[in-house]
Amino acid sequence: MAATRTLGGYLELARVGNAVAAGVLTFVGAFVAGGLGSTRAVALAVVATVAATGAGNAVNDYFDRDIDAVNRPDRPIPSGRVSARAAAAYAAALFLAAVVAAVSLPPLALGIAVANLLALVAYTQLFKGLPAVGNLVVAYLTGSTFLFGAAAVGPIASPTWTLFALAATATFAREVVKDVEDVAGDREEGLRTLPIVVGERTALALATAVMAVATLASALPVLGGTFGLAYLVLVVPADATMLGATAWGFRDPGTAQTWIKRGTFLAAAAFVAGRAATVVA
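In the numbering used here, the protein residues as written are 186 to 466.
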């Protein structure tokens, strides 16, 4: 029973669901770029993304263990299921796995991987407590999963850049909403997150405005003639979900961030549908 509890702690530490989801986004980036013919490169990119995301989550929990003792005492480290030292070793092993998977990929993909690994390590210590900066770093990291997948198989095409921008913007909004939910613990730790510095309502208004701009930009693949009806059928409800959920943050930040994430994946599905339609045609 104790072993099962510990294993569950390690899986939770890596946020396995989120890590696998990031791997799926990397796969989507490769597919949108039209490069699934290189199955080895796609597989290595997906493995590198899953391992790096898990490592970043573990590092974040390691440095945030005192904050989590206030905000989320059930997390693996504050709950005692995983020791702080074991969490650090676990993160290091996952980072090593990510490096091994990425090292044989094309130079651009390797460069993105190195930049992302450095950002993951530096995030909690350098960026998280800076107003908006930490949110932007996480936004970039999420959006870059698509760029990484595309770079693993060839040039990064314009639809992938649009997908990157949409995912990054949605993640920025979600991170701001999450910071609103975590204000109590962050303030106790002396962090200067955006809601603490400018106020919760102002931060949420900014997130909603940014999301509105992003949803408008999602029309670019249609206006440019890259994608057609198959893309439009999915991206419109995705946009509505993300924008509506961000606005819902004024009432319920916890529920809002969950729906923003769901909208992001629906948007990714829209790009898959758009690309698949061009292949069939």
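Using N, Cα and C, we set each Cβ at its ideal position, and we do this for glycine too.
Local conformation of residue i per DSSP, three classes
| i | result |
| --- | --- |
| residue 248 | helix |
| residue 313 | coil |
| residue 378 | coil |
| residue 411 | coil |
| residue 357 | helix |
| residue 418 | helix |
| residue 452 | helix |
| residue 424 | helix |
| residue 404 | coil |
| residue 268 | coil |
| residue 289 | coil |
| residue 437 | coil |
| residue 328 | helix |
| residue 261 | coil |
| residue 221 | coil |
| residue 199 | coil |
| residue 340 | coil |
| residue 367 | coil |
Contact set for residue i: own chain, Cβ-Cβ below 7 Å, skip 5 residues either direction
| i | result |
| --- | --- |
| residue 368 | 380, 381 and 385 |
| residue 327 | 352, 353 and 356 |
| residue 430 | 441, 444, 445 and 448 |
Cβ neighbours of residue i in the same chain (closer than 8 Å, five flanking residues each side left out)
| i | result |
| --- | --- |
| residue 409 | 343 |
| residue 297 | 329, 332, 333 and 336 |
| residue 422 | 451 |
Distance cut-off 8 Å: residue i Cβ against heavy atoms of the ligand FMN
| i | result |
| --- | --- |
| residue 433 | The model on display carries no ligand, and the ligand FMN is accordingly not part of it. |
Beta carbon of residue i nearer than 9 Å to that of residue j
| i | j | result |
| --- | --- | --- |
| residue 361 | residue 392 | yes |
| residue 355 | residue 404 | no |
| residue 302 | residue 243 | no |
| residue 252 | residue 370 | yes |
| residue 461 | residue 419 | no |
| residue 458 | residue 402 | no |
| residue 246 | residue 258 | no |
| residue 269 | residue 240 | no |
Buried or exposed by the 16-neighbour rule on C-beta atoms within 10 Å, applied to residue i
| i | result |
| --- | --- |
| residue 438 | buried |
| residue 224 | exposed |
| residue 347 | buried |
| residue 387 | exposed |
| residue 442 | buried |
| residue 263 | buried |
| residue 227 | buried |
Own chain, CB closer than 6 Å to residue i, minus 5 neighbours either side, in chain order
| i | result |
| --- | --- |
| residue 376 | 314 |
| residue 312 | 318, 319 and 322 |
| residue 378 | 364 and 371 |
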